[in-house]
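Worksheet for the structure shown next.
In this note's numbering, the protein residues as written are 135 to 335.
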(Lines of atoms letter the chains of each structure in order from A; the text may use other names.)
(Lines give C-alpha, C1' and ligand atoms only; values in the text may rest on other atoms or scores of the structure.)
Protein backbone atom coordinates (compact mmCIF):
# COMPACT_ATOMS: atom_id res chain seq x y z
CA UNK A 135 0.00 0.00 0.00
CA UNK A 136 2.84 2.39 0.80
CA UNK A 137 4.35 1.86 -2.64
CA UNK A 138 1.07 2.41 -4.47
CA UNK A 139 0.21 5.48 -2.39
CA UNK A 140 3.38 7.12 -3.70
CA UNK A 141 2.04 6.60 -7.21
CA UNK A 142 -1.32 8.20 -6.45
CA UNK A 143 -0.47 11.75 -7.45
CA UNK A 144 1.70 10.99 -10.52
CA UNK A 145 -0.91 8.62 -11.95
CA UNK A 146 -3.73 11.02 -11.22
CA UNK A 147 -1.85 13.77 -13.04
CA UNK A 148 -1.30 11.52 -16.04
CA UNK A 149 -4.99 10.58 -16.24
CA UNK A 150 -6.41 13.96 -15.20
CA UNK A 151 -6.63 15.40 -18.72
CA UNK A 152 -8.72 12.42 -19.82
CA UNK A 153 -11.32 12.68 -17.07
CA UNK A 154 -14.01 14.26 -19.29
CA UNK A 155 -13.20 12.41 -22.51
CA UNK A 156 -15.46 9.90 -24.24
CA UNK A 157 -13.20 6.94 -23.32
CA UNK A 158 -13.36 8.05 -19.69
CA UNK A 159 -17.15 8.12 -19.81
CA UNK A 160 -17.26 4.68 -21.42
CA UNK A 161 -14.92 3.29 -18.77
CA UNK A 162 -17.04 4.86 -16.04
CA UNK A 163 -20.16 3.18 -17.39
CA UNK A 164 -18.29 -0.12 -17.65
CA UNK A 165 -17.25 0.15 -14.01
CA UNK A 166 -20.78 1.02 -12.87
CA UNK A 167 -22.33 -1.91 -14.72
CA UNK A 168 -19.62 -4.48 -14.02
CA UNK A 169 -19.71 -4.00 -10.26
CA UNK A 170 -22.94 -6.02 -10.11
CA UNK A 171 -21.53 -8.88 -12.20
CA UNK A 172 -21.19 -11.06 -9.10
CA UNK A 173 -24.88 -11.25 -8.19
CA UNK A 174 -25.92 -11.41 -11.85
CA UNK A 175 -23.63 -14.34 -12.69
CA UNK A 176 -24.45 -15.84 -9.29
CA UNK A 177 -28.11 -15.95 -10.31
CA UNK A 178 -27.13 -18.05 -13.31
CA UNK A 179 -25.40 -20.50 -10.98
CA UNK A 180 -28.44 -20.52 -8.71
CA UNK A 181 -30.80 -21.38 -11.57
CA UNK A 182 -28.48 -24.17 -12.69
CA UNK A 183 -28.14 -25.42 -9.13
CA UNK A 184 -31.89 -25.58 -8.65
CA UNK A 185 -32.58 -27.13 -12.05
CA UNK A 186 -29.84 -29.78 -11.77
CA UNK A 187 -29.92 -30.10 -7.98
CA UNK A 188 -26.21 -29.26 -8.04
CA UNK A 189 -24.83 -28.26 -4.65
CA UNK A 190 -21.66 -26.69 -6.00
CA UNK A 191 -23.66 -24.34 -8.22
CA UNK A 192 -25.86 -23.45 -5.27
CA UNK A 193 -22.78 -22.81 -3.14
CA UNK A 194 -21.31 -20.62 -5.88
CA UNK A 195 -24.49 -18.56 -6.03
CA UNK A 196 -24.58 -18.23 -2.23
CA UNK A 197 -20.95 -17.09 -2.16
CA UNK A 198 -21.54 -14.61 -5.00
CA UNK A 199 -24.42 -12.97 -3.12
CA UNK A 200 -22.76 -13.18 0.28
CA UNK A 201 -19.41 -11.79 -0.87
CA UNK A 202 -21.15 -8.90 -2.65
CA UNK A 203 -23.01 -7.89 0.51
CA UNK A 204 -20.26 -8.52 3.07
CA UNK A 205 -17.46 -6.93 1.05
CA UNK A 206 -19.69 -3.96 0.25
CA UNK A 207 -20.56 -3.43 3.91
CA UNK A 208 -16.92 -3.79 4.98
CA UNK A 209 -15.88 -1.29 2.33
CA UNK A 210 -18.55 1.20 3.43
CA UNK A 211 -17.44 0.93 7.05
CA UNK A 212 -13.81 1.58 6.14
CA UNK A 213 -14.82 4.50 3.92
CA UNK A 214 -16.69 6.11 6.81
CA UNK A 215 -13.79 5.70 9.21
CA UNK A 216 -11.05 6.81 6.80
CA UNK A 217 -12.91 9.58 5.01
CA UNK A 218 -10.41 10.09 2.22
CA UNK A 219 -11.30 12.72 -0.37
CA UNK A 220 -11.74 11.61 -3.95
CA UNK A 221 -9.26 12.90 -6.55
CA UNK A 222 -12.09 14.79 -8.26
CA UNK A 223 -12.68 16.66 -4.99
CA UNK A 224 -9.09 17.28 -3.93
CA UNK A 225 -5.70 17.12 -5.64
CA UNK A 226 -4.20 16.11 -2.30
CA UNK A 227 -4.04 12.34 -1.89
CA UNK A 228 -3.54 12.83 1.85
CA UNK A 229 -6.72 14.81 2.43
CA UNK A 230 -8.81 12.91 5.00
CA UNK A 231 -12.10 13.77 6.66
CA UNK A 232 -13.10 10.83 8.91
CA UNK A 233 -16.83 10.38 9.16
CA UNK A 234 -17.47 12.29 5.96
CA UNK A 235 -19.64 11.10 3.11
CA UNK A 236 -18.65 10.02 -0.41
CA UNK A 237 -15.21 8.85 0.71
CA UNK A 238 -12.62 7.43 -1.63
CA UNK A 239 -10.76 4.70 0.29
CA UNK A 240 -11.14 1.90 -0.61
CA UNK A 241 -12.82 1.69 -4.01
CA UNK A 242 -16.23 0.07 -3.60
CA UNK A 243 -16.56 -0.85 -7.28
CA UNK A 244 -13.17 -2.58 -7.19
CA UNK A 245 -13.95 -4.33 -3.92
CA UNK A 246 -17.09 -6.06 -5.16
CA UNK A 247 -15.54 -6.77 -8.57
CA UNK A 248 -12.60 -8.62 -7.02
CA UNK A 249 -14.92 -10.33 -4.56
CA UNK A 250 -16.83 -11.79 -7.50
CA UNK A 251 -13.66 -12.69 -9.41
CA UNK A 252 -12.34 -14.55 -6.38
CA UNK A 253 -15.57 -16.50 -5.88
CA UNK A 254 -15.74 -17.73 -9.45
CA UNK A 255 -11.99 -18.37 -9.71
CA UNK A 256 -11.88 -20.43 -6.52
CA UNK A 257 -15.09 -22.31 -7.27
CA UNK A 258 -13.93 -23.05 -10.82
CA UNK A 259 -10.12 -23.28 -10.42
CA UNK A 260 -9.09 -23.10 -14.06
CA UNK A 261 -6.95 -20.47 -15.78
CA UNK A 262 -9.64 -19.84 -18.39
CA UNK A 263 -11.95 -18.75 -15.56
CA UNK A 264 -9.46 -16.89 -13.39
CA UNK A 265 -7.78 -14.95 -16.21
CA UNK A 266 -10.91 -13.26 -17.61
CA UNK A 267 -12.43 -12.85 -14.14
CA UNK A 268 -9.47 -10.99 -12.70
CA UNK A 269 -8.88 -9.09 -15.94
CA UNK A 270 -12.45 -7.82 -15.84
CA UNK A 271 -12.09 -6.90 -12.16
CA UNK A 272 -8.84 -5.07 -12.85
CA UNK A 273 -10.54 -3.16 -15.65
CA UNK A 274 -13.18 -2.03 -13.16
CA UNK A 275 -10.45 -0.71 -10.90
CA UNK A 276 -8.74 1.09 -13.75
CA UNK A 277 -12.05 2.59 -14.85
CA UNK A 278 -12.38 4.25 -11.44
CA UNK A 279 -8.95 5.86 -11.75
CA UNK A 280 -9.54 6.81 -15.38
CA UNK A 281 -12.77 8.56 -14.43
CA UNK A 282 -10.92 10.46 -11.66
CA UNK A 283 -13.05 8.81 -8.97
CA UNK A 284 -10.29 7.00 -7.08
CA UNK A 285 -6.62 7.08 -6.29
CA UNK A 286 -4.51 4.08 -7.24
CA UNK A 287 -4.13 3.02 -3.60
CA UNK A 288 -7.95 3.05 -3.26
CA UNK A 289 -8.16 0.54 -6.07
CA UNK A 290 -5.37 -1.67 -4.73
CA UNK A 291 -6.98 -1.68 -1.27
CA UNK A 292 -10.35 -2.58 -2.79
CA UNK A 293 -8.79 -5.47 -4.69
CA UNK A 294 -7.21 -6.84 -1.51
CA UNK A 295 -10.39 -6.36 0.52
CA UNK A 296 -12.69 -8.04 -2.00
CA UNK A 297 -10.31 -10.96 -2.48
CA UNK A 298 -9.81 -11.46 1.26
CA UNK A 299 -13.53 -11.34 2.08
CA UNK A 300 -14.49 -13.85 -0.61
CA UNK A 301 -11.65 -16.20 0.31
CA UNK A 302 -12.65 -16.09 3.98
CA UNK A 303 -16.34 -16.68 3.23
CA UNK A 304 -15.53 -19.65 1.00
CA UNK A 305 -13.20 -21.13 3.63
CA UNK A 306 -15.96 -20.83 6.23
CA UNK A 307 -18.53 -22.45 3.95
CA UNK A 308 -16.40 -25.49 3.18
CA UNK A 309 -15.28 -25.83 6.78
CA UNK A 310 -18.96 -26.11 7.59
CA UNK A 311 -19.38 -28.66 4.81
CA UNK A 312 -16.59 -30.78 6.27
CA UNK A 313 -18.22 -30.62 9.70
CA UNK A 314 -21.50 -31.80 8.18
CA UNK A 315 -19.73 -34.85 6.80
CA UNK A 316 -17.74 -35.58 9.94
CA UNK A 317 -17.89 -38.84 11.80
CA UNK A 318 -19.65 -38.62 15.15
CA UNK A 319 -19.52 -40.88 18.19
CA UNK A 320 -23.02 -41.74 19.42
CA UNK A 321 -23.24 -43.33 22.88
CA UNK A 322 -25.46 -46.44 23.16
CA UNK A 323 -26.48 -48.73 25.99
CA UNK A 324 -24.31 -51.50 24.57
CA UNK A 325 -21.36 -49.28 23.68
CA UNK A 326 -20.77 -46.59 21.09
CA UNK A 327 -21.55 -46.25 17.42
CA UNK A 328 -19.70 -44.25 14.79
CA UNK A 329 -22.11 -42.26 12.66
CA UNK A 330 -21.29 -40.11 9.67
CA UNK A 331 -23.76 -37.40 8.69
CA UNK A 332 -23.93 -36.21 5.09
CA UNK A 333 -24.99 -32.74 4.02
CA UNK A 334 -27.79 -32.73 1.51
CA UNK A 335 -27.39 -31.56 -2.07
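Note that the Cβ used here is the ideal one computed from N, Cα and C, for glycine as well. Computed from a prediction, not measured in an experiment: that's the story for all the values here.
Asked                                                                                                                                                        : Found
Where residue 244 and residue 287 are concerned, what is the direct C-alpha to C-alpha distance, given to the nearest angstrom?                              : 11 Å
How would you write the range of the alpha helix (DSSP H) that residue 261 sits in, first residue to last?                                                   : 261-280
Thinking C-alpha only, which one of 290, 277, 306 and 293 is nearest residue 162?                                                                            : 277
Rounded to the nearest angstrom, what separates residue 194 and residue 179 at their Cα positions?                                                           : 7 Å
Enumerate, from N- to C-terminal direction, the unbroken alpha helix (DSSP H) stretches of 4 or more residues contained entirely within the segment 170-247. : 171-186 and 189-216
Of the residues 282, 142 and 300, which one's Cα is nearest the Cα of residue 256?                                                                           : 300
For residue 258 and residue 279, what's the separation of their Cα atoms in angstroms?                                                                       : 29 Å
If you draw a straight line from the alpha carbon of residue 167 to that of residue 285, how long is it in whole angstroms?                                  : 20 Å
In whole angstroms, what separates the C-alpha of residue 246 from that of residue 199?                                                                      : 10 Å
Whole angstroms is fine: what's the gap from residue 298's alpha carbon to residue 267's?                                                                    : 16 Å
Throw me the rounded Cβ distance for the residue 282 and residue 221 pair, which I believe falls under 8 Å.                                                  : 5 Å
Applying the 10 Å Cβ sphere with the 16-neighbour rule, what's the burial state of residue 210?                                                              : exposed
Just to confirm, are residue 273 and residue 201 a CB contact at a threshold of 7 Å?                                                                         : no
So, using beta-carbon positions, are residue 232 and residue 217 closer together than 7 Å?                                                                   : yes
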